[in-house]
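There are 2 protein chains.
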Amino acid sequence: MGSTIKDIAERLNISVSTVSYALNGGPRRVPDDVRARVLAVAKELDYRPNRVARAMVTGRSDTIGVVPPEVSEDVFLSPYLHLALNGVFNEAGRQHQDVLLFTRCSETEREEMASILVDGRVDGVIFIAPHFSEKAVELAMSTHAPCVSISGVPVEGVLTFCVDNEAGVAMALQHLYDLGHRKIAHIAGRLDMQDAIVRLQSYQAFLRSKRIPYREEWVGMGQFMIEGGRRAMNALLSLPEPPTAVFCANDEMAIGALMEAYACNRKVPDDISIVGFDNSPGTAHVYPTITTVAQPISDLGAAAVRALKQLIENTEPEESPIFPAQLIVRASTSRPMEHK
Amino acid sequence: MGSTIKDIAERLNISVSTVSYALNGGPRRVPDDVRARVLAVAKELDYRPNRVARAMVTGRSDTIGVVPPEVSEDVFLSPYLHLALNGVFNEAGRQHQDVLLFTRCSETEREEMASILVDGRVDGVIFIAPHFSEKAVELAMSTHAPCVSISGVPVEGVLTFCVDNEAGVAMALQHLYDLGHRKIAHIAGRLDMQDAIVRLQSYQAFLRSKRIPYREEWVGMGQFMIEGGRRAMNALLSLPEPPTAVFCANDEMAIGALMEAYACNRKVPDDISIVGFDNSPGTAHVYPTITTVAQPISDLGAAAVRALKQLIENTEPEESPIFPAQLIVRASTSRPMEHK
DNA sequence: GGGAGTTTGCGAAACGTTTCGGAAGATCAT
DNA sequence: ATGATCTTCCGAAACGTTTCGCAAACTCCC
Chain A
774 MGSTIKDIAE RLNISVSTVS YALNGGPRRV PDDVRARVLA VAKELDYRPN RVARAMVTGR
834 SDTIGVVPPE VSEDVFLSPY LHLALNGVFN EAGRQHQDVL LFTRCSETER EEMASILVDG
894 RVDGVIFIAP HFSEKAVELA MSTHAPCVSI SGVPVEGVLT FCVDNEAGVA MALQHLYDLG
954 HRKIAHIAGR LDMQDAIVRL QSYQAFLRSK RIPYREEWVG MGQFMIEGGR RAMNALLSLP
1014 EPPTAVFCAN DEMAIGALME AYACNRKVPD DISIVGFDNS PGTAHVYPTI TTVAQPISDL
1074 GAAAVRALKQ LIENTEPEES PIFPAQLIVR ASTSRPMEHK
Chain B
774 MGSTIKDIAE RLNISVSTVS YALNGGPRRV PDDVRARVLA VAKELDYRPN RVARAMVTGR
834 SDTIGVVPPE VSEDVFLSPY LHLALNGVFN EAGRQHQDVL LFTRCSETER EEMASILVDG
894 RVDGVIFIAP HFSEKAVELA MSTHAPCVSI SGVPVEGVLT FCVDNEAGVA MALQHLYDLG
954 HRKIAHIAGR LDMQDAIVRL QSYQAFLRSK RIPYREEWVG MGQFMIEGGR RAMNALLSLP
1014 EPPTAVFCAN DEMAIGALME AYACNRKVPD DISIVGFDNS PGTAHVYPTI TTVAQPISDL
1074 GAAAVRALKQ LIENTEPEES PIFPAQLIVR ASTSRPMEHK
C-alpha cells in the first residue's frame, strides 16, 4: 500500500506534525534542513497525500459537483450539455478543482441528490438546467452548501447563469421580420425547462410587439430533440396555411425541421426559412447551414465555476449572470416566396 | 451544519455503533424497534452520511476516476471524447458509481496525475486515449490501483478497450476498392495516439495486400481535427496526380476534407470520394452525408466501466476488449470518375 | 439450575490527515 | 544573571465513519 505521513515521521524519528508542516510549507515553519530531509524521504517512499483524509479534517475537497439535467440516459449526448460541460471542465481545471459528476439520474436516486451537497466529497455544486419538476430547488435551499445553476429555473438565492433569451429571440425574429416574413411559427422545447418557457414567451411578446396575431397551431412542441423537431415541422407543413418561417428553440429541433422540410419536398430556405438557437457545432456543417442564435454556453459554464469558487471562498461573486446572444446568419433563411 | 451519527446516538441514548448498524442494515443486526427509532430520528435530523468519512475507513469511495486525453483545452469538444464520456457516465450511473473527472491537464500538473490513483477519492481509474508521451503508463504500473484504458497505447497489465481498427480500416478501403478506386490517399490522425498509428498501419497493410504501391505524398497528417483535415486535403488536391479517394482516420478530418474539396471546386463524391471513421453524429447531417466506419464508442466506455468495477471487486473481467467495426455507406463515396 | 447458545449493545480502535497547545531550548537585551 | 522573545518540535485532539472485541442479559434444553 501507499506510504503515509506517519511512515515518513518514523523513518526520520520526528513527529507527524512536523512532517505535515514541512510537506505543506505551513502553517508553521520548519527549519530548512528538516524540510529538505522530509521531502527527500517523501520522494523516496513515493508518498502521495491521501486527499480523503485531508478533506475530512479541513472540510475542503477542491472538488466541485456537477448535476446534469433530467432523468433520461444519453443526456450527455446533447450538444447543449456537451458545451456546458466543456466550459465547466476547462474552467475547473484552471481553478485547480476537479469535477465530481453526479451520474445517478434515475428518478428514485434523484432523491439522494441532496446528499452530494453535504456528503463531503464536494465543496459546492453546479446544477445544469434543472427542471421545474426537479427537487433541486428545495434541496439547494435546505442545505447551506454553495451552489449555482446554469439555465435553470430561477430560485431565490441561487445564482443562475443564462443567456439573454429575450434579446436572442428578438434578434432571430427581427431578422425574419426584416426579410419580410409575417407567418412565423415556433417550435418550442421542453416546457418544464426554463429556456424553453422564456423563448416561447419571447416569441409571443415579439408577435404582440409587431401586432401579428398569435396562432396556436403555429406553435409546435419539439422537446428540444431532432425527432421532435421533425414531427413538429411535419405538422406545420400539413396545415392549410403553413408558415413561411420557423423559429426553433434549439438547433437540434432546427436540424430535425430541416430534414423534415426536405422529406416533404420543401426547399430551405426558398420555400421555408428556419432559424435555430445555440449555434451548436452541427449547424455549420449541415446543408444548408443554419441561421441560429449563438449563446456562449461554454462561457456560462466557466462563469458558473468561477462564481461557485467565490461562493466557496466566501467572497461575493460579482460577474453578471446574463450573457449576450448573437445572431449568426447563415443559409437557412431568405425572403419569403411571395417577395421574390 | 449537518447532523452526524453521533447526534442520533445521543438523542436516543445509544451508542454510535448501534446507530451505524441500524442505518446500514449490517453487518450486525439490531432489533427492529431500535432500528425504527434510529431511522425516525435520522429523518427528523435530516441526517446525511458523510461519504468522506466512510471512504476513509472502508477504503472505498464508490467513485471512479476518469482521465481525459492530452493537454489542450477544449478536448472535451471532440466528438470522440464526447461519446466515450457518454458511455462512461451512463454505465457508471447504472453501476452506482459517481465519476470524478480529472481536469488538471496542463503539462506540469499532468505529473500529479498519479496521485488521483491513490489519493483515496476514487476506487479505480479509466484513462481515455492516453498518448505515447504520457506518463500514464508507468504511473499506472507503479501504483497497484485498478485501472483500464480506452483506445490507449497498449500497456502490459492494463486492460485496453478499443475497436477492431484493422478490420474497420479494411472495410473502408475494400469498399473504395470495390467501387474501383486504386488511387487512395489517407489522412492520418495524431501519431502519438494508438488509433492513429494502427489505422495508418492498416492502410499500409491493405495497399500491400492489393499490391498497390505506397506513396508517401498520399499520406497527410490531420491531427484528428477539422482544420488539419482541410489542410491535408488541400495538399492532396494540389498534387500533380491527386487521389480519387481519401480515407480519413476520423470524421472530423473527413468533414474538413469535405469542406476543402468544395472550396477547391471538387464535387464529392463525383470528383473525389471520402470515407471517415467513428460515425460521429455530424456525419449524418453534413452534405453530402459521409460514409464512415462506425465504432461503438459509448459501448467501449460502458465496457470499461464494467471491467473496472470488476477489477475493483477483485473478480476477473471477462468481456472482450475488442469491439467490432461496421461500415456505414452514405453519400460521400461513389465510383471514380474514369469508370463512369 | 447449569451450561450452551443467542441476542443486544457498549466502548474503543482505526483510517490519514491538519492544527492547536504548550514545553523545551536557544537567543538576546538589559 | 534574568526575564522576554523566538525557534523548534512533540503530543494529542479532531474530523465522521465502520467494525471488532467483549460483556451482559436473555433463551433454551436437558
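Chains as they are written, first to last, in my numbering: chain A, 774 to 1113; chain B, 774 to 1113. Every residue gets a Cβ at the ideal spot worked out from N, C-alpha and C, and that includes glycine. A quick note: this is a predicted structure, and the numbers were derived from the prediction, not measured.
| Item | Value |
| --- | --- |
| Spatial distance of A/D1051 from A/A969 (CA atoms) | 12 Å |
| Contacts of B/V921 in chain A (Cβ-Cβ under 9 Å) | What B/V921 touches in chain A: nothing, since even the nearest Cβ is about 17 Å away. |
| Chain-ordered neighbours of B/L873 on chain A, where CB pairs are closer than 8 Å | T836, D871, V872, L873 and L874 |
| B/V942 versus B/F979, B/S1093, B/M829 and B/P919, residue with shortest Cα-Cα distance | B/F979 |
| For A/I923 and A/N863, the rounded distance between their alpha carbons | 16 Å |
| B/L858: contacting residues in chain A (beta-carbon distance under 7 Å) | F849 |
| Beta-carbon proximity check, A/R1003 vs A/T1062, cutoff 8 Å | no |
| Straight-line Cα distance separating B/V872 from B/V839 | 7 Å |
| Other residues of its chain near A/A727: CB distance less than 7 Å, five sequence neighbours each side excluded | The structure shown does not extend to residue 727 of chain A, since chain A is modelled only from 774 through 1113, so no value can be given for it. |
| Beta-carbon contacts of B/R833 that lie in its chain and below 7 Å, excluding the five residues immediately before and after | D896 |
| DSSP beta-bridge partners of B/G897 | B/I837 |
| Sub-8 Å separation of A/G866 and A/D1072 beta-carbons | no |
| Given B/L785 as reference, the closest of B/L1081, B/A809 and B/R801 once Cα atoms are compared | B/A809 |
| Neighbourhood of B/I957 by C-beta, 7 Å cutoff - its chain only, sequence neighbours within 5 removed | L946, L949, P1016, A1018 and F1020 |
| Spatial distance of A/D937 from A/Y987 (CA atoms) | 23 Å |
| Boundaries of the beta strand (DSSP E) in which B/G993 is found, first to last residue | V992 to M994 |
| Supposed close pair B/V825, A/M829 - CB separation, criterion 8 Å | 5 Å |
| Beta bridge counterpart(s) of B/I957 as assigned by DSSP | B/A1018 |
| Local conformation of A/D871 per DSSP, three classes | strand |
| CB of A/Q868 within 8 Å of CB of A/T836, strictly | no |
| Local conformation of A/F905 per DSSP, three classes | coil |
| Beta-carbon neighbours of A/D805, restricted to chain B and to distances below 9 Å | The contacting residues do not exist; A/D805 stays about 24 Å from chain B at best. |
| Assigned exposure category for A/E1025 - 16 Cβ within 10 Å defines buried | buried |
| Any chain B beta carbon closer than 8 Å to A/Y1060 | yes |
| Against chain A: residues of the stretch 813 to 830 of chain B by CB proximity under 8 Å | D819, R821, P822, N823, R824, V825, A826, A828 and M829 |
| Residues near A/K1082 by beta carbon distance below 6 Å, same chain, minus five either side | Q868 |
| Chain B residues whose Cβ lies nearer than 8 Å to that of A/I1028 | H1058 |
| Nearest-angstrom Cα separation, counted from B/A1077 out to B/H959 | 30 Å |
| Rounded Cβ spacing between A/G1029 and A/I999 (contact assumed at less than 8 Å) | 4 Å |
| Identity of the residue in B/E1014, B/R894 and B/P1097 nearest B/F934 by Cα | B/P1097 |
| CB contact check: A/G1049 to chain B, cutoff 8 Å | no |
| Per-residue burial, A/G995 [other beta carbons within 10 Å of its own, 16 or more giving buried] | buried |
| Min CB distance B/V1114 to chain A below 8 Å | Because chain B spans 774 through 1113 in this model, residue 1114 of chain B falls outside it and cannot be assessed. |
| Interface partners of B/G775 on chain A, CB under 7 Å | V891 |
| Minimum C-alpha distance to A/S1107 - residue among A/P903, A/A1057, A/S1046 and A/G1055 | A/S1046 |
| Close-in-space but distant-in-sequence residues of the same chain around B/V1059 (CB under 8 Å, 5 per side omitted) | I1028 and L1031 |
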